[in-house]
Amino acid sequence: MLGFLKRPIVLTTDINVNVVVLTGVGLLSRLWRLTYPRAVVFDEVYYGQYISFYMKRVFFLDDSGPPFGHMLLALGGYLGGFDGNFVWNRIGAEYSSNVPVWSLRLLPALAGAFSVPMAYQIVSELHFSHCAAMGAALLMLIENALITQSRLMLLESVLIFFNLLAVLSFLKFSNCQKHSPFCLSWWFWLALTGVSCSCAVGIKYMGVFTYLLVLSVAAVHAWHLIGDRTLSNVCVFCHLLARAVALLVVPAVLYVLFFYVHLILLYRSGPHDQIMSSAFQASLEGGLSRITQGQPLEVAFGSQVTLKNVFGKPLPCWLHSHQNTYPMIYENGRGSSHQQQVTCYPFKDVNNWWIIKDPGRHQLVVSSPPRPVRHGDVVQLVHGMTTRFLNTHDVAAPLTPHSQEVSCYVDYNISMPAQNLWRLEIVNRESDTDVWKTILSEVRFVHVNTSAILKLSGAHLPDWGFRQLEVVGEKLPRGYHGSTAWNVEEHRYGQSQEQKERELELHSPTQVDFSRNLSFMARFSELQWRMLTLRSDDSEHKYSSTPLEWVTLDTNIAYWLHPRSSAQIHLLGNVVIWASGGLATAVYTLLFLWYLLRRRRQICDLPEDAWQRWVLAGAVCAGGWAVNYLPFFLMEKTLFLYHYLPALSFQILLLPVVLQHVNDHLCRSQLQRNLLSALVVAWCSSACHVSNALRPLTYGDKELSPDELKALRWKNSWDILIRKH
Amino acid sequence: MLCATGRLLAATTLPAPPRGRGSAPRCRRRELHFPGHSEQPFCDFLAGRLTRPSVLRARRVILRRGRMPPATGGGLTGSELRARRGRCGPQTARPASRDVAAEAAAPSPKRSAVSSQRLEAAGRWALLALVTLLSFATRFHRLEEPRHICWDETHFGKMGSYYINRTFFFDVHPPLGKMLIGLAGYLSGYDGTFLFQKPGDKYEHHSYMGMRGFCAFLGSWLIPFAYLTVLDLSKSLPAALLTAALLTFDTGCLTLSQYILLDPILMFFIMAAMLSMVKYNSCADRPFSAPWWFWLTLTGISLAGALGVKFVGLFIILQVGLNTISDLWHLLGDLSLSLVTVGKHLTARILCLIVLPLALYMATFAIHFMVLNKSGPGDGFFSSAFQSRLSGNNLHNASVPEHLAYGSVITVKNFRMAIGYLHSHRHLYPEGIGARQQQVTTYLHKDYNNLWIIKKHNTNSDPLDPSFPVEFVRHGDIIRLEHKETSRNLHSHYHEAPLTRKHYQVTGYGINGTGDSNDFWRIEVVNRKFGNRIKVLRSRIRFIHLVTGCVLGSSGKVLPRWGWEQLEVTCTPYLKETLNSIWNVEDHINPKLPNISLDVLQPSFPEILLESHMVMIRGNNGLKPKDNEFTSKPWHWPINYQGLRFSGINDTDFRVYLLGNPVVWWLNLLSIALYLLSGSVLAIAMQRGAQLPAEVEGLSQVLLRGGGQVLLGWMLHYFPFFLMGRILYFHHYFPAMLFSSMLTGILWDTLLRLCAWSVASSRLARSIHVVGVLSLLLGTAYSFYLFHPLAYGMVGPLAQDPQSPMAGLRWLESWDF
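From first to last, the protein sequence lines stand for chains A and B.
As numbered in this note's numbering, the first sequence has no gaps in its residue numbers, which increase by one up to the final residue, 747.
As numbered in this note's numbering, the second sequence has no gaps in its residue numbers, which increase by one up to the final residue, 818.
Shown next, in the form of structure tokens:
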């Protein structure tokens, strides 16, 4: 206990000067003149607006990824005291003085800088030589594309950082496993693996690929562990449990936590509200909640309501009607009922109000006490402004001929009786006696005579329908679909019996007090679902590219051009590194297959431990490259060169590994080794040279003459901007 | 083992009792041995991958010295190798000697035992016959009803008629299935005159039973195939019977087999491939023997069939491929085989599983193109060169000038499928949509408004004036395209296009050919040198707008009504080379030039094959679900969430509803979960080195190996659908459903055996097994009795009505029958 009295306290530390130096150089390369250019560069225009939203606490929805990455960038803004007042609308716009450019770009730059020493660590944790590790770090340091990407307010470098951290901590953990399981550092590295995996996923969904890779390597290790008969059953169980908690539970919890913080931070309504359900919107401050606050919860007979379509595609809209009727004969010669049009209208309007009427009574006001509407009740819907009844009948709808036309009934006295009874079905009810609730209930209106269901067809009506959306009665409902469900958004108990008074009442806004009644999990699941299903139009982009062009670096992206001079920033890789990276992957794959087949015939070219090392290095580096690259071939969204960078960072790790392997196992004589070393030196210096040559395009700090720019256009497909004078 | 294959051979060609009877006892004996027999490769497999026993290392040392040890080589290794190698030789001899032994034994006092074995063999035959008979009986029962077109019969029946009439059409699936339907129709006397317009149309006097009967015939074979596959995988009769019952009594499989559809044909080939793969796996101990070759070849043929019907056939190819790779991996690891032998194995598989199917697959296409030689509704989907093959098409036997010259009247076709010809007409873009100038669109049909005159950009003189010499248009020339009917020039400017906002608008501008510099386009041939002439049909050309530098293309989006729902034409500032911005010249009229016959330009067979595949793949990708439509999701399928209406809606109609028998399907679902559970428990126990009793060991081998193979089949036929962007239907699940029923058969039999084993008394054990299997069999049969109206058709009130025959059977609200 009192040992320190007897013995002096001695602290011994190992400082790996290499790591320190690498960190230093990394920082230098990424932080140097970080505030230059003081203008919006490429995708900063995209991320910047979200940072502003965070600063102003305004809710937004971005389908490109979970919010953790955006929050990290916003943290930079917060530390720099950014107030969010900047209009992010144009690439190249000068930053105003209130934008703390340095602190906004600091985090990605730090992440990029720390990737350099981490590359060193990973290669040495894979039990390759110190020299190979230095090589990996050097390549990471001089790779132009990585430098460009990490010096700007973008997320790729942070993603790469967490990818590498996940791999590094997993390797540290599995090395701990060999000598002292369950020790403190074992736990630390295990937990860090889980945490960094979930951070990677939290930044971009692409991080999932690395997470899966780590999981599968861990699963293989665990399977070996199960087969290890020296361990007791309890011990094996503890091992498995620890892994399951750290690699499955912790990431899941953290992931939800990101959303929790996100939703806590963003409590004001904003421009993306419309995509969310009414209930979600009502939980935000301002916006819909200002209208819906304090309105009665239970819809009763005599209620005045607006009905919003739950699916809301192509546009969020409300059930609507107006004085105009369907044209007698459509352009294609079909006839209509010529009754009053019923549409779905994407704007708030007094014509969106409907009154829920009990078919048995003539009252259009709420009785006291109010009589709530329940699941299964038959109702009539009366249009507030025209007092006509919602009706459908066996007439083909204007644009969707296999569905029924929906109209507000006008009696032309032509033996076409009104069919205006609708049975109410509450979709998300808990029991059959449930009451129809404002905002929360999703209801379907089933036509009593024809069992058609009121549905938003999604088609735009022609000019006679003012380009509003078509509403039809679906005769063949095939299960539940959001386009047949509606929810009450605005709601008040109707008081006025007379039409004139009622119109006045409808024009006045609804008012009462405010409650947030949506739980976090409900909000989280809705947000998550919308993020995954939101399909943005795949927009063409001048600099979009296909995965095949990435490997050969046949494409580039112009990030920024100085408004006056020819200084410019490009996302452009180091050609030597990319080419040799691809070569190394091919060599690794061929060698691996060769060894594998020979081992199957019991011919072992490599000693067992070298083989194990070779396989693990391949699984991490070549596997990391493959999982981060190949899935892009299946994706249908617009792709850019920067999507390749995470894969590239793994490929860079593979390069020195392959070189060392060639040196150790394939070079048979000293002469060959010397030759190889000379080759490596030459290759390294050419990589450095290329990196230096491309430096002006990476940092954008130097004006180049048109001739110099032309000289840099090594490939015809590179788009380097040359000013015409 | 010969007996096993012999029996199967007999099974497929029906009764051949003498051979079967003699060989059956041997099968039986082999079966009893089977746990030990199958243990070997499995452990090898585990050992090879996970733990490397030190024995191997010792052997390796020897092997390094000389790879093929001499036969006299000393020590354990040598003898072991010799012994193993010897197995190949005497193997063939052994059955013969056993045969002799059996013959000799026959008249001995053990006659009663032998005769009981014979009886058992006869029983097996009877069972197989019963299963087949039942399957045929259920499939052919009330096949002629309803006497109208049901669901997709409207497509596939129509396509069958196209083959009979030899008119060209386009479909997203490869041709084999429809060709077979057409053939069946042809042989049964159908003359191809029925229009197959829409579901519900009465067949009247047209002969449709031939086509339905053919599909039902193939569909009936699924059950014996599944029965034999399971029998071979599990060596257990109850498992096979259970599988057969599940499939026979499944209303979904039944419905799907009774109509003119591709699915029964597809499933027939899938199951045939699976069965022959399993059979050939069980011949593995006698490689290169006749049955081995037979089953291997049959696998290849079935694979070609499956792929030739639908691209979904790729999944079974994947399964056979994986199986083959693991097979070869084992052979490679077997050091008693020389590399030459391994090479032979490899070559045999490449021949039978790659070369043969590929040849057959291409042959089906060759027949397809040969049969369909008349112009038909599919022409527009294909390139101009392709159309010139079809008699009746205006490009057939046509002759046009070969090189484009100034003054020629041309039509310009977009290279992308289903976009059509560059078109303009006397209508202006409406107010507010770009400049109010004449519309330019693309149009799929042939029309006078598709004609353009190609002119020099700087002169308005008529190049057709006989006094001028002919001047050819060359790659890189600057030209003007004048619309023949309206004399306006193709024009573009910095206004946004009507639908694709990032592109520029394309209009017709100018009066009688006089416009401005925005009418100038540079014509470029893709991948050619400057100065070359431009060939009709063959050259892929781009039009680059001189002032803005954008490229003429079509976005493929449909214009609103003001544009007559033709497709939008834009000028795209993105210079990426996509098919949307590549065009070719189709019609070409120039009186000053000599015409050449287009036959010279006819594409070769590989080109046609490639083109039709591109078109099919694009067609498949084009089948995207619309936002506001109800679409079937893959997760709906295994839970039998919702069926498909084949025929009829209202209570007066004859209604057929494609829905799985819920009892069968939910049992299948449960079985997959149970399988995963029990399989992982067993695998972990084995990995932990638990000592299992011999019986359990044997059963777990069946579960892990046989069940594993079937589970893989299920996964391969199900999970890829989650990745597909195209519109999906419930019936896509049925191939996977076949596999999951086989899994259920294997699993329940094994589980019941395990249960029975855990009970001490042998009589009780036996009765547990028998009762269990019987109750499952009877349960499915009873549920079929309940649900059979779904498949055989029902009339009368809907299920909500208590009067309905289906009252009380609508267990899920989402079922609408």
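Virtual Cβ for every residue (Gly too), placed ideally from N, Cα, C.
Please read these numbers as outputs of a predicted model, since none were measured by experiment.
Each of I182/B, T230/B and L319/B was checked against the Cα of M716/B, and the nearest Cα belongs to L319/B. Contact check for A474/A against K497/A passes: the beta carbons are separated by less than 8 Å. A distance below 6 Å between beta-carbons, with the five flanking residues on each side excluded, links E165/A to the following residues of its chain, in chain order: N596 and I599. Where F544/B is concerned, the enclosing beta strand (DSSP E) starts and stops at I542 to H546. According to the DSSP assignment, D416/A belongs to the beta strand (DSSP E) that extends over L412 to A418. With its beta carbon at least 8 Å from every one in chain A, L445/B lies outside the interface. Contact annotation, L660/B with W816/B: C-beta distance approximately 6 Å; criterion of less than 8 Å satisfied.
Straight-line measurement puts the Cα of Y260/B at about 56 Å from the Cα of Q385/A. The Cβ atoms of Q682/A and S151/A lie closer than 8 Å to each other. For S409/B, the closest alpha carbon among the candidates H446/B, I454/B and P499/B is that of I454/B.
Nearest in C-alpha terms to N641/B, of all of L242/B, T252/B and K203/B, is T252/B. The residue from Y233/A, A154/A and F210/A with its alpha-carbon nearest to that of F184/A is Y233/A. In the three-state reduction of the DSSP assignment, M795/B falls in the strand class, which pools E and B.
A contact between stretches requires three or more CB pairs, one per stretch, nearer than 8 Å, and the stretch 235-249 of chain B fails this requirement with the stretch 292-299 of chain B.
Closest in C-alpha terms to L491/B, from the list M807/B, G421/B and G516/B, comes G516/B. When 8 Å is used as the limit between beta carbons, L336/B is near these residues of chain A: R623 and Q624, in chain order.
Among the residues facing chain B, P484/A is included, as its CB has a counterpart in that chain under 8 Å away. The criterion of a C-beta distance shorter than 8 Å is satisfied by L177/B and T365/B.
Residue contact check for F316/B against chain A: no CB pair falls below 8 Å.
By the criterion of a C-beta distance shorter than 7 Å, F387/B is surrounded in its chain by P604, I609 and E612, once the five residues flanking it on both sides are discounted. When DSSP states are grouped into helix, strand and coil, V217/A belongs to the helix group.
Within chain B, R689 and G690 have C-beta atoms less than 8 Å from the C-beta of R251/A, given in sequence order. Not one beta carbon of chain B lies nearer than 8 Å to the beta carbon of L540/A. The secondary-structure analysis by DSSP pairs K459/A across a beta bridge with E320/A. The contact set of W636/B on chain A, defined by CB atoms closer than 9 Å, is empty, because the minimum CB distance reaches about 12 Å.
Only L724 and G726 from the stretch 720-731 of chain B bring a Cβ to less than 8 Å from some Cβ of chain A. Under DSSP, Y367/A takes part in a beta bridge, and its partners are W340/A.
In the displayed model, F82/A falls within coil according to three-state DSSP, outside both helix and strand. At least 8 Å separates the beta-carbon of V570/B from that of V665/B.
Cβ atoms of Q171/A and L593/A come within 8 Å of each other, at about 7 Å.
A contact is defined here as three or more CB-CB pairs under 8 Å, and the stretch 312-327 of chain B meets this definition with respect to the stretch 265-276 of chain B. Residues of the stretch 230-245 of chain A whose Cβ lies closer than 9 Å to any Cβ of chain B, in chain order: W245. Counted as a single uninterrupted DSSP element, the alpha helix (DSSP H) harbouring N197/A occupies residues E178 to H201. The beta-bridge partner set that DSSP reports for H405/A consists of W376/A.
A141/A carries a helical assignment under DSSP once its states are collapsed to helix, strand and coil. In the structure shown, G249/A adopts helical secondary structure according to DSSP, grouped into three states.
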